[in-house]
Amino acid sequence: MDKLYDLNKNWLLISGNDDETDYHQTRIDENKAYKAVTPSFPHMYIEDHTGITWYQQEFFLEELPDKDHIAMVAFERATLKTDVSVNGKMVGTHIGNEDPFKFDVTDALKKGDNIICVRTSKPDTRDIDGYNFFEIPHRNETAEGLMPGANFNISGIYGDVWLKVIPKVYIDDVYLIPDHKTGNIQVRMTVINKYNDKKKVDCFVKAGKTTDGYTTEINSVTALTNPGETLVTTDITIDNYELWSTENPILYNVYTEIKTDCTEQSLITRTGFRYFEIRDDGYFYLNGKRIMLKGSHTGNFAPYSTQNIYNDEEFLRKDFMMAKALGFNMVRFISGVAVPMQLDLADEIGLMIYEEPRAGWQTRNGVHAKELYLDNLLTMIKRDRNHPSVTIWGFLNETKCDGNSTDLFEVARDSLPAAREIDETRLIMFSSGRWDYDLSLGSFSNPYSRKWDCVLNGDGLDCRCQGDMSEYEGLQSNEPHRYEPGDIHIYCLPKLNANITARFRQVGVLHKRPYFLSEFGIGSALDTTTLINKFEEEGGPKICPDVKMIYQMDRIFRDELKKYGFDKLYPLATTLFKGSYNNHAKYRMKQFNIVRSNPYLNAMSITGLLDHSICGEGLWTIYRKYKPYMADVMQMGFSDAMWCIITPKASVNKGEEFSVEALISSVDVLKTGKTYPARLSIEKDGVTYAYREYSVTVPDSNSFVIPVLNEKFDTSSYPEGEYTLHLEIDGCDVCNNTKKFTVINPVMSKTKRKVLCIDIDEEMFTQYGFKIAKRYSEGAIVAVRSVTKKNFKKIQEYLSKGATVVCFKATADDDISVNLLPKNRRPGKVLTNDWLYHKEYVVNYESPFFDRMPAGVMDCDLCGDFFNHYSLDAEGEAVPDITHAMSFCTGYPVKSGYTGGFSMGTYNLECGRLVLNTFDLLESELPYAKKIFVNMIDNA
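If you count the sequence shown from 1, position 148 lands on 292 in my numbering, and the numbers rise without skipping.
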């Protein structure tokens, strides 16, 4: 009699936002409805739809369940409030987001034609059904609309729907607790009895490796079940069992069967033996072996749906296969659970999963906030607790302990006992990034622990950083970095200068304890051109919010190129995206070198797995293609043995010393006490310019990091050009053993022009051969740091005499240089928070300001030190007569999805000329900064 009816097709879907009709009691007009399938989201049919949605479907039953069976309608997932009726009879209401649920519909069914009707509701900018958007589980969704870095407000039925005919006595849940020490598996079966009286049930259990069939004896137990729910517990032992690990993911099937006098039912559940913990030394251990956690987080993005749903089921599996191939041992599901088939794959290929509930990020205080969080958390744990790949439950992400997130912080902090009632066996991370700063609480709880354990970094100690944090200028936000938690996020301006490098390398030093760097990274621009070509190829719906946003970003980008005259210089936009990808690979590799050189690092999770939230933060695209160069970068960065090569500069002037520090990050690959011969060479075009030999003895310490060398090389005899630093070590395979750097001939002025300096040190000009004018005379260049109220009139006077004025800090806080221009020609200042999402800079290769420099996107190695948060933006007559450099970022977290402007421009005035610059040329020591500086004065 057991039957399964697929209810995923032939739905009629209609918005309920402007229609108060109760469709539980009436038919949906087919002519006004959309034909839909599940899983899906309403916004895939109704443009920008949020709020209330109605679903209706007819289905036919040839027969009804007999007296010993019932019918259940089962939903894999729906959000938030789901009301279900069958043939006009209400059968149930569910409040939730990510958990499966079902209703008994036996009494509502009839033979022949039936109608199922579903109403889903979720608040948006309006409170709906008594719920407010900000108090419900919503991750980083926006109440309406979509912008990069955020998610669309999904709603509706986004899981499978089935009608199941099953016995009146059935297994509702099987929870397996494998003991990695003994091979014993405790089996907890939740049995539901839908009869009105007690029922005797015979339960049978057997198990075996998934590849070998069932190898144990059948274990049987008899239980007398009361009406309702009964927990039946037994166990079974596997002889010669093997542990599940990332290298050897051994799985076991456990077969459970129950029989009554008239029915029977069976289930197969997979499990594996393993133990994952953080020990007192602050390191992660899997089955007793110390490992470095190496992972990234995913938002499970998919085109058109924005998350979790795509027309090819293999699409979401690809993320895991791609990650595993690059050396990942963990994937974190940030504020949202995995799709079940992804966890099945993770079990099979040996990829650990760190999973968080949707409510764990950005939930604000509210009447329902705590109960919804707790339900979301506990249902996640119950749903996925049998998967051996799931080794970490995460409770929160970036959540403060005060303000509008007090409810969320408190309920998560206090929910450890409730979580342990459902699963004792897993590591729990409290709050990724520890934005609560309450480090009297530990950052994790080990398996079987019912407290927050204080073992990592500053947890349980005085965790406030010592000294003046202003020295770390360039960090994305100073406040989180004033603390030394055991679990930390560090984001920075994409320049990776000495200050930022120092901060990454100082974590853990104060307390000499390991730490988990659970988020860090620098992304790329989002290649909108390639994505649009893919959309056109697929012919998918263009009403979907992600598709519309990508078209919008691309249109704005192309308009910007045209506005500043760069469309003719770069007729193929893809060449600029390739330049961004080149920088992206360099940024990632630089960060790996820096991060893994810290002797207290115990784990790292890089942001982010893919370009989820239609931004450029990913290692691969939303169509699951590795970004250029990224496969090599990640394989090196996640290798168990890696050279960490730290060079303060990637380019030096000839005659300047080139400094290099080299260390090895070894996850117990190099053996303690052993001495390894190592060598260094510096080469160019096959010629060796330096050679050194070293003996590397591995110290007896817990650290993964082994110092090797710290050298300075005199480049006086080095011809101009690109050099390769090579490192070798005998006796082990250590990757990332080369580093490129450039030697550049010192620049000198060709014109030796006179310069009148205003608020700038004259020596900055004389060292390059310029002459200093003590007063203005025709032909002299007026160089000013920034135009202020104090010097404005004087500079205005020089312009009226026909002077060329070069303003080097046109976006300084006190700068009013744009007021030297007529009102209709004044650009605006644009301040962007460049970090994970950041601008790229493009040069006008016809401009003499960039003479003898590469065209295209500016190379971050050669130029990154003078990038900053500022640009200028202009429309119409305010556009410069000559734009020397512009900036762009597709996939930036603003409503338009785009930021940019120009970075350097010349305005020809009725009398005189004004050059505005936004780069940090005066502060930078990079040779290319000096080249641009000299070129500007020579050619202004």
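No residue lacks a Cβ here, since even glycine has one placed at the ideal position from N, Cα and C.
Owing to the predicted nature of the structure, the values given are computational and were not obtained by experimental measurement.
Element boundaries [beta strand (DSSP E), containing residue i]
i, result
"residue 520", "That residue, residue 520, is in no beta strand (DSSP E); its alpha helix (DSSP H) goes 513-528."
"residue 238", "233-240"
"residue 334", "328-337"
"residue 353", "343-353"
"residue 223", "222-230"
"residue 362", "Counting along the chain, residue 362 falls outside any beta strand (DSSP E), and DSSP gives it neither H nor E."
"residue 658", "Counting along the chain, residue 658 falls outside any beta strand (DSSP E), and DSSP gives it neither H nor E."
"residue 825", "819-828"
"residue 834", "831-841"
"residue 388", "Note, residue 388: premise wrong, no beta strand (DSSP E); not H, not E."
"residue 669", "Residue 669 -> no beta strand (DSSP E), and no H or E assigned at all."
"residue 322", "313-322"
"residue 174", "No beta strand (DSSP E) contains residue 174, which DSSP labels as neither H nor E."
Short Cβ contact (8 Å threshold) for residue i with residue j
i, j, result
"residue 775", "residue 814", "no"
"residue 395", "residue 332", "no"
"residue 262", "residue 298", "no"
"residue 212", "residue 311", "yes"
"residue 377", "residue 346", "no"
"residue 824", "residue 851", "no"
"residue 276", "residue 351", "no"
"residue 296", "residue 279", "no"
"residue 497", "residue 411", "no"
"residue 505", "residue 543", "yes"
"residue 531", "residue 476", "no"
"residue 584", "residue 600", "no"
"residue 233", "residue 252", "yes"
"residue 794", "residue 950", "no"
"residue 399", "residue 760", "no"
"residue 721", "residue 755", "no"
"residue 1031", "residue 985", "yes"
"residue 629", "residue 578", "yes"
"residue 779", "residue 494", "no"
"residue 1033", "residue 973", "no"
"residue 943", "residue 1053", "yes"
"residue 338", "residue 369", "no"
"residue 678", "residue 728", "no"
N- and C-terminal bounds of the alpha helix (DSSP H) containing residue i
i, result
"residue 1074", "1071-1083"
"residue 558", "550-558"
"residue 691", "689-707"
"residue 643", "642-650"
"residue 677", "672-682"
"residue 468", "458-469"
"residue 1006", "1004-1007"
Bridge partners - residue i, DSSP secondary structure assignment
i, result
"residue 1057", "948, 1052"
"residue 850", "808"
"residue 633", "663"
"residue 249", "In the DSSP output, where bridge partners are listed per residue, residue 249 has none listed."
"residue 306", "150, 218"
"residue 802", "857"
"residue 286", "Per DSSP, none; premise fails for residue 286."
"residue 277", "DSSP, once it has assigned bridges, lists no residue as partnering residue 277."
Residue i Cβ short of 7 Å to the ligand FAD heavy atom set
i, result
"residue 1019", "With respect to the ligand FAD, the structure shown offers nothing to examine, as it has no ligands at all."
Scan the region 925-997 and note each continuous alpha helix (DSSP H) run of 4 residues or more that stays entirely inside, going in chain order. The DSSP assignment places 936-944 as complete runs of the alpha helix (DSSP H) inside the region 925-997, in order along the chain (cut-off: 4 residues).
Is it true that the region 629-638 meets the region 441-461, where meeting means three or more beta-carbon pairs spaced less than 8 Å apart? Not touching, per the Cβ criterion.
Scan the region 713-800 and note each continuous alpha helix (DSSP H) run of 4 residues or more that stays entirely inside, going in chain order. Taking only runs of at least 4 residues, the alpha helix (DSSP H) segments lying wholly in the region 713-800 are 717-739, 774-781.
Meets three-Cβ-pair contact criterion under 8 Å: the region 407-427 and the region 383-399: Touching, yes, given that three or more Cβ pairs across the two stretches are closer than 8 Å.
At what residue ranges does the region 403-485 contain a whole run of the beta strand (DSSP E), taking only runs of 3 or more? Those beta strand (DSSP E) runs which fall completely within the region 403-485 and span 3+ residues are 408-415, 420-422, 428-430, 433-435, 437-442, 474-477.
At what residue ranges does the region 884-933 contain a whole run of the beta strand (DSSP E), taking only runs of 3 or more? Taken in chain order, the unbroken stretches of beta strand (DSSP E) that lie wholly in the region 884-933 and span 3 residues or more are 898-902, 925-928.
At least three beta-carbon pairs within less than 8 Å, the region 654-670 to the region 741-749: Verdict: yes, contact present.
Three-pair Cβ contact test at 8 Å for the region 847-866 versus the region 904-916: Output reads no: the region 904-916 does not touch the region 847-866.
With three or more C-beta pairs closer than 8 Å as the rule, is the region 192-209 touching the region 236-246? Not touching, per the Cβ criterion.
In chain order, which continuous runs of the beta strand (DSSP E) of length 3 or greater are located wholly inside the region 569-611? Residue ranges of uninterrupted beta strand (DSSP E) with 3 or more members, entirely inside the region 569-611 and ordered along the chain, are 571-576.
Any contact between the region 966-976 and the region 1017-1027? By contact I mean 3 or more CB pairs, one from each, below 8 Å. With the cut-off at 8 Å, the region 966-976 and the region 1017-1027 touch.
Is there contact between the region 932-943 and the region 890-905, where contact requires at least three CB pairs shorter than 8 Å? The region 932-943 is in contact with the region 890-905.
Segment contact flag, the region 241-251 with the region 215-227, C-beta cutoff 8 Å, min 3 pairs: Yes: at least three Cβ pairs fall under 8 Å.
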